Structure formats: C-alpha cells, structure tokens
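Only one structure is covered here, and it is reproduced in the block below.
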Amino acid sequence: MSIPVVTKEQIKNSLDIWYQFMLNQDFVQSKTLKEEIESKISHIEEDQQILFYYSLLDF
Numbered sequence: 027m028s029i030p031v032v033t034k035e036q037i038k039n040s041l042d043i044w045y046q047f048m049l050n051q052d053f054v055q056s057k058t059l060k061e062e063i064e065s066k067i068s069h070i071e072e073d074q075q076i077l078f079y080y081s082l083l084d085f
C-alpha cells in the first residue's frame with residue numbers, strides 16, 4: 027500500500043483554486059475540492075502556514 031505524495035505547493039495551489047470557486051459562487055466545485063483538500067492535507071507534514079490558510083477558508 028502506498029501513500030500518495032502531496033507537496034505543500036500542491037496544497038497551496040488547491041487552496042487558491044478553492045478560494046476562486048468560492049468567489050465565483052461555484053458551490054458544487056467548491057465542495058468537491060474542499061473534500062479533496064481535506065483528504066490530502068492529512069498526508070502532508072504539518073505546516074502552520076498552510077493550516078492557517080485552510081482555517082481561514084473553512085469557516
């Protein structure tokens with residue numbers, strides 16, 4: 027069983043895209059991407075900056 031490698035840059039990019047979906051009020055894409063981000067964020071090394079950005083978007 028292998029764990030997918032997720033880089034911090036990939037997460038940052040996904041967070042930016044998620045934010046754009048929210049701004050455009052694309053709720054279906056936003057919800058889908060949020061779920062994808064949540065599954066990926068558990069596979070990265072803890073990074074306070076990324077977790078802070080995620081927290082700001084997930085309120």
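Quick note on the working numbering: the sequence shown kicks off at 27 and runs consecutively.
Backbone N, C-alpha and C define an ideal beta-carbon position, used for all residues, glycine too.
Because the structure is a prediction, the values reported are computed rather than measured.
Stretch-stretch touch, CB-based, cutoff 8 Å, three pairs: the segment 63-71 with the segment 45-52: no
Cα-Cα separation, Val54 to Glu61: Approximately 11 Å, taken between the alpha carbons.
Reduced DSSP category for Glu72 - H, G, I as helix; E, B as strand; rest coil: Glu72 falls in the coil class under three-state DSSP.
Rounded separation between Tyr80 and Ile37 - CA only: 9 Å
Leu82 burial status per 10 Å Cβ neighbour count (16 or more: buried): exposed
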